[in-house]
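Below you'll find the structure, written out as structure tokens, and then a few comments.
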Amino acid sequence: MKNKLSRAQTEAQIKEIFAKNPTPKEIKKVKRLAMSKNIKLKELRKKFCQKCLVMFDVNNSEIKIKQGLKKIKCKKCAHISRYKLK
């Protein structure tokens with residue numbers, strides 16, 4: 044029988060995984076955990092590519108800020124994420 048985690052334990056586990064540099068497989072696991080416990084990833088979801096699940100950093104992403112929009116282009120899969128700036 045699987046050990047059931049509480050919502051707080053799941054949130055702690057998600058933060059622990061994002062503390063180190065997670066692989067796409069680990070990010071997929073985090074997304075699945077968050078969906079199962081109905082946890083919103085909020086700012087964490089802006090730290091990885093939505094298509095290939097690679098963590099953004101200086102080497103594998105291109106950031107442009109223009110007219111109140113922040114565009115992040117993944118250099119691995121060329122997916123563009125757009126976010127409104129506050």
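So the sequence shown is numbered by our numbering: it starts at 44 and just counts up by one. Note that the Cβ used here is the ideal one computed from N, Cα and C, for glycine as well.
Report the partner residues of S104 according to the DSSP bridge assignment. Walking along the sequence shown from the start, residue 104 turns up at place 61. Paired residue(s): C117.
CB-CB length for H122 against K89, believed under 8 Å: Reading the sequence shown from its first residue, position 79 is the one you call residue 122. Reading the sequence shown from its first residue, position 46 is the one you call residue 89. 13 Å between Cβ atoms; not a contact.
For S79, which of helix, strand or coil comes out of DSSP? The residue labelled residue 79 in the question sits at position 36 within the sequence shown. Looking at S79 - three-state DSSP - the assignment turns out to be helix.
K71 vs L48 beta-carbon contact at 7 Å: In the sequence shown, residue 71 corresponds to position 28, counting from 1. In the sequence shown, residue 48 corresponds to position 5, counting from 1. No, Cβ-Cβ distance for K71 and L48 is not below 7 Å.
Can you check which of these residues, K58, K129 and K85, is closest to K109 by C-alpha distance? Numbered from its first residue, the sequence shown carries residue 109 at position 66. With distances taken between Cα atoms, K109 lies closest to K129.
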